[in-house]
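Below is one structure, written out as structure tokens; the observations come after it.
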Amino acid sequence: MRLLTHNMLSSNIKGVTNGFPLKIQVEKVVEKQVEINHDFLRNIFPKIDWKAFSDASRIMGYDEMPEEPPEPSVLELNVEFLGKFHHALLELHLEEGALLCPETGRKFPVNKGIPNMLLLEDKV
Amino acid sequence: MAAALQLQTHPCFHGTCQLSPPPRPSVSFPSSSRSFPSSRRSLSAHVKAAASSLSTTTLQEGIAEFYDESSGIWEDIWGDHMHHGYYEPGSDISGSDHRAAQIRMVEESLRFAGISEDPANRPKRIVDVGCGIGGSSRYLARKYGAKCQGITLSPVQAGRANALANAQGLAEQVCFEVADALNQPFPDDQFDLVWSMESGEHMPDKPKFVKELVRVAAPGGTIIVVTWCHRDLGPSEESLQPWEQKLLNRICDAYYLPEWCSTSDYVKLFQSLSLQDIKAGDWTENVAPFWPAVIRSALTWKGFTSLLRSGLKTIKGALVMPLMIEGFQKGVIKFAIIACRKPAE
Chain A
1 MRLLTHNMLS SNIKGVTNGF PLKIQVEKVV EKQVEINHDF LRNIFPKIDW KAFSDASRIM
61 GYDEMPEEPP EPSVLELNVE FLGKFHHALL ELHLEEGALL CPETGRKFPV NKGIPNMLLL
121 EDKV
Chain B
1 MAAALQLQTH PCFHGTCQLS PPPRPSVSFP SSSRSFPSSR RSLSAHVKAA ASSLSTTTLQ
61 EGIAEFYDES SGIWEDIWGD HMHHGYYEPG SDISGSDHRA AQIRMVEESL RFAGISEDPA
121 NRPKRIVDVG CGIGGSSRYL ARKYGAKCQG ITLSPVQAGR ANALANAQGL AEQVCFEVAD
181 ALNQPFPDDQ FDLVWSMESG EHMPDKPKFV KELVRVAAPG GTIIVVTWCH RDLGPSEESL
241 QPWEQKLLNR ICDAYYLPEW CSTSDYVKLF QSLSLQDIKA GDWTENVAPF WPAVIRSALT
301 WKGFTSLLRS GLKTIKGALV MPLMIEGFQK GVIKFAIIAC RKPAE
């Protein structure tokens, strides 16, 4: 599971008012290289919840993302930053671990990089 | 919910329940075995509640296991689109390119729903509900340059879908999770296009399924559902004829399908949630050639040996294919498309 995916998932437990972002519990992080696409990064940037993303990247062991979102011009001009953004967003994979509901603490396992967001009947 | 109550008394449901040992019910019973609660009705209500929660979990497990088992063989013979092809009515498709027909099904669905080709108005965020191994997701992501999330109950399918996305250079654009269409793990108002291609048949609670589709759709977004339904009921009819119900039950049992509904049931559900521009189409004639072609593929040496290797669930599914043809021919089963738009804010 990449951080791009993590930024779109939320807890679907009944009664939870704020199920985003899910907390990350790391067991195994894997780095997988993927070709950088500057236009894609610039387009996706405004859609990212930056705080959730930068917090998650630190939990995954990468400290290069600032806490405050950068100005869009940084993405236009600073190629080095784009590379780091690309790495954090797309190249870090939570291979094994869990996502936790921020309100209830309920665990959604991540196995072989795939989050399992199924709820048992009693949690629905 | 009426659908849930019907579900646990439905004959095909009991068949599915018996396949796995029932877990301990979470309902408490009177301590003495000889005493009964004050009224028989309240005991049976408790039992029904336990049975219905038992049923949905068992259905989900059945669906996941069915697709875990049969995904590989389907992909091997039919490719990464796990849905019907779209053909000219009455055409002889013996020489047809079925994969092209499956692509045509996607394109015709987008056209029916009026999805814009204009770059400024095309969907940018898509959810594929019941994504299989991600054929639709990858196709739509590529077509529109969009970001697509796919959800499936089958971990094997999610894994395969991700692997194919990585292999095809679509890793940034598409990703797949194991999740429940009736409880999607996304915040409200997320997706410009909500896509359900032949997954609605598996949903045990149609009102909840539709509600979730609407919840995750962005204001102004489009919802497209392509699914198997039974024929619309006549004005004086309360249910299908017994022979029709019996036919559907046998299909349900083999394909892990809960109770069927009609196309107009879907339309009414969307109307009740104030969706706009609701359109429904009957594409039964356009998919009728598909099942004979699937049967023929099963009877080839490759098909047959793959089936033998795949497992009982897949074999059972294969044996029931003639019933699908019978259902289409006798007008019981309809292949439907329903499209609508969520009001813009």
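So the sequence lines, in the order shown, correspond to chains A and B. By the UniProt record's numbering, the letter at position 111 of the first sequence is numbered 111, and the numbering carries on one by one without gaps. By the UniProt record's numbering, the letter at position 315 of the second sequence is numbered 315, and the numbering carries on one by one without gaps. Even for Gly, the Cβ is constructed at its ideal location relative to N, Cα and C.
* To do: Would you verify that the beta carbon of VAL129 (chain B) is, or is not, closer than 8 angstroms to some beta carbon of chain C?
  => In summary, chain C is missing from the structure at hand, where the protein chains are A and B.
* Asked: If we ignore side chains and look at the alpha-carbon of each, how far apart do ARG142 (chain B) and PRO69 (chain A) end up?
  -> As a working mapping, residue 142 (chain B) is identified with position 142 in the second sequence. As a working mapping, residue 69 (chain A) is identified with position 69 in the first sequence. In this model, ARG142 (chain B) and PRO69 (chain A) are separated by some 29 angstroms (Cα to Cα).
* Range of the contiguous alpha helix (DSSP H) that encloses VAL156 (chain B) -> Taking the first residue of the second sequence as position 1, residue 156 (chain B) is located at position 156. That run of the alpha helix (DSSP H) goes 155–167.
* To do: Output yes if chain B places a C-beta closer than 8 angstroms to the C-beta of GLY97 (chain A); else output no.
  => By 1-based counting over the first sequence, the position of residue 97 (chain A) is 97. No, GLY97 (chain A) lies away from the interface with chain B (no Cβ there is under 8 angstroms from its Cβ).
* Give the DSSP-derived three-state secondary structure of ASN78 (chain A) in the structure shown. => For the purposes of this step, residue 78 (chain A) is identified with residue 78 of the first sequence, where counting begins at 1. Residue state, collapsed to three classes: coil.
* Beta-carbon contacts of VAL16 (chain A) that lie in its chain and below 7 angstroms, excluding the five residues immediately before and after -> Locating residue 16 (chain A) in the first sequence gives position 16, counting from the first residue. Excluding residues within five positions, the ones whose Cβ falls inside 7 angstroms are CYS101, GLU103 and THR104.
* Asked: Based on Cα-Cα distance, which residue from B:ALA100, B:ILE63 and B:VAL216 lies nearest to TYR87 (chain B)?
  -> Locating residue 87 (chain B) in the second sequence gives position 87, where the first residue counts as 1. Measuring from the Cα of TYR87 (chain B), the nearest candidate turns out to be B:ALA100.
* Asked: Thinking just about the alpha-carbon of each residue, which of B:PRO187, B:TRP260 and B:PHE270 is nearest to the one in ILE224 (chain B)?
  -> If you number the second sequence from 1, residue 224 (chain B) lands on position 224. Cα-wise, what sits closest to ILE224 (chain B) is B:PHE270.
* **Assigned exposure category for ALA318 (chain B) - 16 Cβ within 10 Å defines buried** => Taking the first residue of the second sequence as 1, we reach residue 318 (chain B) at position 318. Buried, since its Cβ has 16 or more Cβ neighbours within 10 Å.
* In the DSSP assignment, find the beta strand (DSSP E) that holds ASP188 (chain B) and state where it starts and stops. => The residue given as residue 188 (chain B) occupies position 188 in the second sequence. No beta strand (DSSP E) contains ASP188 (chain B), which DSSP labels as neither H nor E.
* To do: Return the Cβ separation of ALA181 (chain B) and PHE209 (chain B) in integer angstroms, given the expectation that the two are a contact with Cβ distance under 8 angstroms.
  => In the second sequence, residue 181 (chain B) corresponds to position 181, counting from 1. In the second sequence, residue 209 (chain B) corresponds to position 209, counting from 1. Contact flag correct, Cβ pair sits at about 6 angstroms.
* Taking the CB atoms as reference points, tell me whether LYS84 (chain A) and GLU67 (chain A) lie closer together than 8 angstroms. => For this step, residue 84 (chain A) is matched to residue 84 along the first sequence. For this step, residue 67 (chain A) is matched to residue 67 along the first sequence. With contacts defined as CB atoms closer than 8 angstroms, LYS84 (chain A) and GLU67 (chain A) fail to qualify as a contacting pair.
* Asked: Nearest-angstrom Cα distance between ARG250 (chain B) and VAL320 (chain B)?
  -> Locating residue 250 (chain B) in the second sequence gives position 250, where the first residue counts as 1. Locating residue 320 (chain B) in the second sequence gives position 320, where the first residue counts as 1. Cα to Cα, the separation comes out at about 8 angstroms.
* To do: Compare the Cα-Cα distances from ILE333 (chain B) to each of B:SER199, B:GLU75, B:GLU61 and B:ASP282 and report the closest residue.
  => For the purposes of this step, residue 333 (chain B) is taken as the residue at position 333 of the second sequence. Among B:SER199, B:GLU75, B:GLU61 and B:ASP282, the Cα nearest to that of ILE333 (chain B) belongs to B:ASP282.
* **CA nearest to the CA of TYR67 (chain B), picked from B:LEU153, B:ASP253 and B:ASN183** => Translated into positions along the second sequence, residue 67 (chain B) becomes position 67. Of B:LEU153, B:ASP253 and B:ASN183, the residue nearest in Cα terms is B:LEU153.
* **Residues, ordered as in the chain, of the segment 9–36 of chain A that lie near chain B by beta-carbon distance below 9 angstroms** => The segment 9–36 of chain A vs chain B, Cβ under 9 angstroms: LEU9, SER10, SER11, ASN12, ILE13, LYS14, GLY19, PHE20, LEU22, LYS32, VAL34 and GLU35.
* **Cβ-based neighbour list, MET324 (chain B), same chain, cut-off 6 angstroms, excluding 5 preceding and 5 following** => Translated into the one-based positions of the second sequence, residue 324 (chain B) becomes position 324. Excluding residues within five positions, the ones whose Cβ falls inside 6 angstroms are TRP291.
* Endpoints, the beta strand (DSSP E) within which ASN43 (chain A) is located -> Taking the first residue of the first sequence as position 1, residue 43 (chain A) is located at position 43. No beta strand (DSSP E) contains ASN43 (chain A), which is instead part of the alpha helix (DSSP H) from 38–44.
* To do: Compare the C-beta of VAL124 (chain A) with all C-beta atoms of chain B and state if any pair is closer than 8 angstroms.
  => Within the first sequence, residue 124 (chain A) is the residue found at index 124, counting from 1. Model confidence at VAL124 (chain A) stands at a pLDDT of 43, short of 50, so the residue's coordinates are unreliable; what they give is reported in the following sentence. Closer than 8 angstroms to some Cβ of chain B, the Cβ of VAL124 (chain A) qualifies, so yes.
* Would you report the Cα separation of PRO123 (chain B) and SER199 (chain B), rounded to the nearest angstrom? -> Numbered from its first residue, the second sequence carries residue 123 (chain B) at position 123. Numbered from its first residue, the second sequence carries residue 199 (chain B) at position 199. Cα to Cα, PRO123 (chain B) sits roughly 21 angstroms from SER199 (chain B).
* Asked: For a contact meaning CB atoms closer than 8 angstroms, what does ASN7 (chain A) contact in chain B?
  -> Working through the first sequence from its first residue, we reach residue 7 (chain A) at position 7. Those within 8 angstroms of ASN7 (chain A) in chain B number zero; the least Cβ separation is about 11 angstroms.
* Asked: Looking at the C-beta of ASN183 (chain B), does it have a partner C-beta in chain A at a distance below 8 angstroms?
  -> To locate residue 183 (chain B), count along the second sequence from 1; it is residue 183. Yes, ASN183 (chain B) counts as interfacial toward chain A.
* Counterpart residues of TRP195 (chain B) in DSSP-defined beta bridges -> Position 195 of the second sequence holds residue 195 (chain B). Note: TRP195 (chain B) sits in a beta bridge opposite B:ASP128 and B:ILE224.
* Asked: With burial defined as no fewer than 16 other Cβ atoms inside 10 Å of the residue's Cβ, what is the status of ASN121 (chain B): buried or exposed?
  -> For the purposes of this step, residue 121 (chain B) is taken as residue 121 along the second sequence, with counting starting at 1. Its Cβ having fewer than 16 others within 10 Å, ASN121 (chain B) is exposed.
* To do: Pick out whichever of A:LEU4, A:PRO46 and A:ALA52 has its Cα sitting closest to the Cα of PRO21 (chain A).
  => Here residue 21 (chain A) corresponds to residue number 21 of the first sequence, with the count starting at 1. When only C-alpha atoms are compared, the closest one is A:ALA52.
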